[in-house]
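Working notes, beginning with the structure itself.
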Amino acid sequence: MLHPAVLLLSPASSFIAHFSGSQVPDSPIGDYLRDPAGAVHAVLVHLQEWVATWGLVVATSATAGTVVLVWARWWWRRRCQQRLAADARVIQILPPPTVDATGAPALWANLVGLLRPAWRRWLTGQPHLAFEYLFDRETVRLQVWVPGQIPPGMIERAIESAWPGTHTRTAPVTSPLPTTPPAGRHMVTTGGELKLARSEALPIRTDFPADPVRALLGAPVGLGPQERAAVQVLARPVAGRRVKKARRAARHARAGRSTRPVSRLLDLLTPGHQSRPRPSRSTPVLDPHTALEIAAEDRVIVAKQRGSPYETRIRYAVTSTVPDTANAEERAKARDRMRGRSHAIASAFATFTEYNYYRRTRLRPRHVLPRLAERRLGAGDLLSIPELAALAHLPWDESIPSLQRAGARAVPPPPGVANAGAAVRPIGVTDSGHPRPVGLRVPDARHHLHILGATGSGKSELMARMILTDAEAGRGVVVIDPKGDLVSDLLMRLPTELGEKVVLFDADSRARPPVLNPLEGTDGPRTVDNLVSIFSRVYAASWGPRTDDILRASLLTLRALPGTPILTDLPKLLSNPAFRQRATDQLDDEVLKGFWTWYGDLSAPGRAQVTAPLLNKVRAFLLRPFVREALAGGPSTVDMNQVLDGGICLVRIAQDALGAETAHLVGSIVVARTWQATTARARIPQTQRHDASLYMDEAHNFLHLPYSLGDMLAEARAYRLSMTLAHQYLRQLPKELEEGISTNARTKIIFSASPEDARHLARHTEPRLTAHDLSNLDVFHAAVRPVLQGAEAPAFTAVTEKLRPPIPGRAKQIRAAAARNARPQPSSVPLRKKGDGTPPHIDPRRTSGRGQPDAPTSA
30 MLHPAVLLLS PASSFIAHFS GSQVPDSPIG DYLRDPAGAV HAVLVHLQEW
80 VATWGLVVAT SATAGTVVLV WARWWWRRRC QQRLAADARV IQILPPPTVD
130 ATGAPALWAN LVGLLRPAWR RWLTGQPHLA FEYLFDRETV RLQVWVPGQI
180 PPGMIERAIE SAWPGTHTRT APVTSPLPTT PPAGRHMVTT GGELKLARSE
230 ALPIRTDFPA DPVRALLGAP VGLGPQERAA VQVLARPVAG RRVKKARRAA
280 RHARAGRSTR PVSRLLDLLT PGHQSRPRPS RSTPVLDPHT ALEIAAEDRV
330 IVAKQRGSPY ETRIRYAVTS TVPDTANAEE RAKARDRMRG RSHAIASAFA
380 TFTEYNYYRR TRLRPRHVLP RLAERRLGAG DLLSIPELAA LAHLPWDESI
430 PSLQRAGARA VPPPPGVANA GAAVRPIGVT DSGHPRPVGL RVPDARHHLH
480 ILGATGSGKS ELMARMILTD AEAGRGVVVI DPKGDLVSDL LMRLPTELGE
530 KVVLFDADSR ARPPVLNPLE GTDGPRTVDN LVSIFSRVYA ASWGPRTDDI
580 LRASLLTLRA LPGTPILTDL PKLLSNPAFR QRATDQLDDE VLKGFWTWYG
630 DLSAPGRAQV TAPLLNKVRA FLLRPFVREA LAGGPSTVDM NQVLDGGICL
680 VRIAQDALGA ETAHLVGSIV VARTWQATTA RARIPQTQRH DASLYMDEAH
730 NFLHLPYSLG DMLAEARAYR LSMTLAHQYL RQLPKELEEG ISTNARTKII
780 FSASPEDARH LARHTEPRLT AHDLSNLDVF HAAVRPVLQG AEAPAFTAVT
830 EKLRPPIPGR AKQIRAAAAR NARPQPSSVP LRKKGDGTPP HIDPRRTSGR
880 GQPDAPTSA
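Per the working numbering, the sequence shown starts with residue 30, numbered consecutively.
Have a look at this one:
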């Protein structure tokens, strides 16, 4: 039977041959016209031979090309993943005490900015993040894995902006869970992945009255000592083809068709009832319940398409270790326990079930930890920002005992705060925004500093950095240290060339100290009044008017004697009649003579009774060799005027060496002499006055002064003296003194404070820092309310920097230089006549031990 085409074309061929009058040319068309069936047969035979010859080659080439393409795609994805993992970091998050529920949507909406241009996504891939919940027996930790391609500080600042008060700590990358067991133990691991069970066009639940991760945080409760758990939410913003694919799936879902290509192919092969048939005259009307359900699904599908989506994947794992000696039954029990934990974690995500839900896909045990450690995100489920925020956020619940929270919020400094330099006193480094050094300009420091904080919070270390900066800049420095550590740190770090400027009073040193005679001064009555006032304030609990009168008269009498008055003559004046008679014979003041006449008329028991309260204090003071040599060793070898003009005076008066009251008295005398030298600057033009600083650690112990501290703070700025007062809590200060410091020490640096002090101090730092912030500052974390250009600026927080390492042997060099500075001038030692009742002259070259004479020698 002929082919139909032949039957159709044969008449045409006869027609052409008949009218052309010539033969059909020899060509494929001519062959076909002459013999259509033979031509078709020849073509088929030729095609069969070609397929037999080249088909295998083509098939082999296609297979090889496919293999090459698959390998190239695998290699390229692996290379992109390696580039993402290079220089990656982990950001550890400490949530604030109160978490704002709107912070997570704000964070993920902000991080849409990580989306790269299309050409760059095609070449190098799109970076993704991993929000991780880590659990062990005692703690819950939150952290974010960040690829190295994302600029440093970007994610940290975004997290701190989303949740004000959050602290972030950046650390090198580590695996979420330990990958190697300890020696002698075997690791048991279970885990899996969570994927959306229905079309990704349908959303999960996002509206919760309580924290949706509450079940997740409660699932690992009761972990054993060797058990760990981790939940990892990987996410990256997407655009382009991935979004088009999601919208196409949404259209199919709204039309009632399958969203996956394979499912749609099966629907074509096995057609069935459509859940949403196209409306027609024959289509029955849907029941109201079905219509409402379809309408609700349409609304949520459309709502999910709004905004910028993220491609996500959730992984989880639980690990434990068992001894290598454990038998099969014990290992099986451990595996069952881990599977139970793993199931509890996966079940916690049932909370998000609504139009969509998660189903679990188990991973092989040997694949669990590598998957978590590499943090690779391949194809994932598309979620909107509200959906992702419901999965990955800081817990809202305030009562999670195992979750470590941030103390005080991190607040950036106001504009204008100085950075660093010789004219800036360093404070620390900002803990918010881009880290940078912050400090206080020297003119602003003249408004004085008040440093308050608990023991060990970092006050002394901060003062040490300020002192070293002042000393290296050539500013005068006076330091009073009642504990000893501050001066010791300074001696180990001062530059060698500054040793010639150092004047060192060290109560623990065996070397002879410098002399600072409190009875010296051009204004005798004022000098005496200052010293009497200091004694009366230090011994206020047992001080009376008669004791005050006797001390004042005695000191004025010693000042009237020729030569240099010294405090060691005071007991002899009151108890030695011969010395007293010779002293009174040289008086010209009738009032003083009247006092000594009254005193001489007293009986011996009467004199002992009125002088006992004074002498027991003076003897306790002078019986300490350091005090006797430093304050009653003769004329002063320390010129406080020179110290303020660029010298360094270090007063190390540890209370365990001198006793509390004696240390307070010595420190107050040094403060009084410093103030006398400061007020003497009135004779110098203001532009020629050098900047100087007075540092007092445990300042409340050395403010027993004859003048108001408030007046001192108010006047010191004009003399270019900056005072830094440091102590632990406000109740150490009398009410009047506290008010004076609060008003006139205008720069406040607050370390960790008690709740009572925090409520009081918050008046200086609000609204930026509250009482809760001040009472929850970390160690070396300070709240600063500075003075800028003479005006009080808003408060901020900073972290103080550590001191530079000590230099071996430096303290010994500085002490040797200071010992040379303490030597008295040959003409500075007064010589008194032999037999006048004065103590013999002490030759400084014949001393031993703590500077005590081997034997007295006469002048």
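Even glycine gets a Cβ: it sits at the ideal position worked out from N, Cα and C.
Exercise. Would the region 528-535 and the region 548-560 be scored as touching if the rule is three or more Cβ pairs under 8 Å?
Worked result: no
For this session: Would you kindly work out how many angstroms separate the C-alpha atoms of P591 and S583, rounded to a whole number?
Result: 15 Å
Exercise. Rounded to whole angstroms, how far is the Cβ of L478 from the Cβ of A377, which I believe are closer than 8 Å?
Worked result: Not quite, the Cβ-Cβ distance comes to about 51 Å (not below 8 Å), so this is no contact.
Exercise. When the distance is taken between beta carbons, is H810 closer than 9 Å to G487?
Worked result: yes
Exercise. What's the gap between the Cα of R522 and the Cα of R454?
Worked result: 17 Å
Exercise. How many Å lie between A324 and A332 at the Cα?
Worked result: Computed Cα separation, rounded: 12 Å.
Problem set entry | For S722, three-class secondary structure by DSSP | strand
For this session: Report yes or no: do the region 751-759 and the region 716-729 share at least 3 C-beta pairs separated by less than 8 Å?
Result: yes
Problem set entry | Within 9 Å, strictly: CB atoms of T776 and R494 | no
Exercise. Between the C-alpha atoms of D236 and K764, what's the straight-line distance to the nearest angstrom?
Worked result: Between D236 and K764, the C-alpha separation is close to 54 Å.
Exercise. For K273, does the count of other Cβ atoms within 10 angstroms reach 16, so buried, or fall short, so exposed?
Worked result: exposed
For this session: Kindly identify the DSSP beta-bridge partner or partners of K764.
Result: Answer is none; K764 lacks a bridge partner.
For this session: Tell me whether V175 sits in a helix, a strand or coil according to DSSP, three-state version.
Result: strand
Exercise. Can you tell me whether DSSP reads F237 as helix, strand or coil?
Worked result: coil
Exercise. Going by C-alpha distance, which of P266, R438 and D473 is nearest T127?
Worked result: R438
Exercise. Mind checking whether N247 and V506 have CB atoms under 9 Å apart?
Worked result: The amino acid occupying residue 247 in the given sequence is Gly; Asn does not appear at that position. No; because the gap between Cβ atoms is not below 9 Å, this pair is not in contact.
Exercise. Using the rule of at least 16 other Cβ atoms within 10 Å of the residue's Cβ for burial, across every protein chain shown, is N546 buried or exposed?
Worked result: buried
Exercise. Among all the DSSP beta bridges, which residues are the ones paired with I58?
Worked result: According to DSSP, which records beta bridges pairwise, I58 is partnered with nothing at all.
Exercise. Under the rule that 16 or more other beta-carbon atoms within 10 Å means buried, what is V242, buried or exposed?
Worked result: buried
For this session: Take A452 and list the residues in its own chain whose beta-carbon comes closer than 6 Å to its own, dropping the five residues that flank it on each side.
Result: V471
Exercise. Between the C-alpha atoms of P855 and R849, what's the straight-line distance to the nearest angstrom?
Worked result: Because P855 sits at a pLDDT of 48, beneath the cut-off of 50, its placement in the model cannot be relied upon, and the point is left open.
Problem set entry | Those runs of the beta strand (DSSP E) which lie wholly inside the region 796-849 and span at least 3 residues | 810-814 and 825-828
For this session: For P464, write down the residues that DSSP places opposite it in a beta bridge.
Result: Its beta-bridge partners do not exist; DSSP assigns none.
For this session: Could you tell me if P399 is buried or exposed, where buried requires 16 or more neighbouring beta carbons within 10 angstroms of its beta carbon?
Result: exposed
Problem set entry | Meets three-Cβ-pair contact criterion under 8 Å: the region 637-653 and the region 702-716 | no
For this session: Look at P232 and I122 and say whether their C-beta atoms are less than 9 Å apart.
Result: Annotated as distal: P232 and I122, with beta-carbon spacing of 9 Å or more.
Exercise. Taking three-plus beta-carbon pairs below 8 Å as touching, is the region 153-171 in contact with the region 356-365?
Worked result: Counting C-beta pairs with one atom in each stretch, the region 153-171 and the region 356-365 have fewer than three that are closer than 8 Å, which means they do not touch.
Problem set entry | Cβ shell of H801 (< 8 Å), same chain only, five flanking positions each side left out | So the qualifying residues of the chain are P126, A437 and A787.
For this session: Could you tell me which uninterrupted beta strand (DSSP E) segments, each at least 3 residues in length, are contained entirely in the region 633-687, listed from first to last along the chain?
Result: For the region 633-687, whole beta strand (DSSP E) runs of length 3 or above, ordered along the chain, are 677-681.
For this session: Apply the 10 Å Cβ neighbour rule to G629 and answer buried if 16 or more other Cβ atoms are within range, or exposed otherwise.
Result: exposed
Problem set entry | Residue environment, V385, which counts as buried when at least 16 other CB atoms sit within 10 Å | This sequence places Asn at residue 385; Val is not what is there. Counting Cβ neighbours within 10 Å, N385 comes out buried, since at least 16 surround it.
For this session: Below 6 Å CB to CB, which residues in the same chain sit around T380 once its five sequence neighbours on both sides are set aside?
Result: P241 and A244
For this session: Work out the CA separation of G688 and L660 for me, nearest whole Å.
Result: Their Cα atoms are separated by approximately 16 Å.
Problem set entry | T708, enclosing alpha helix (DSSP H) - first and last residue | A689 to T708
Exercise. Going by C-alpha distance, which of L742, R257, L723 and T89 is nearest D499?
Worked result: L723
Exercise. Grouping DSSP H, G and I as helix and E and B as strand, with all else coil, what is D353?
Worked result: DSSP places D353 outside both helix and strand once states are collapsed to three, so it counts as coil.
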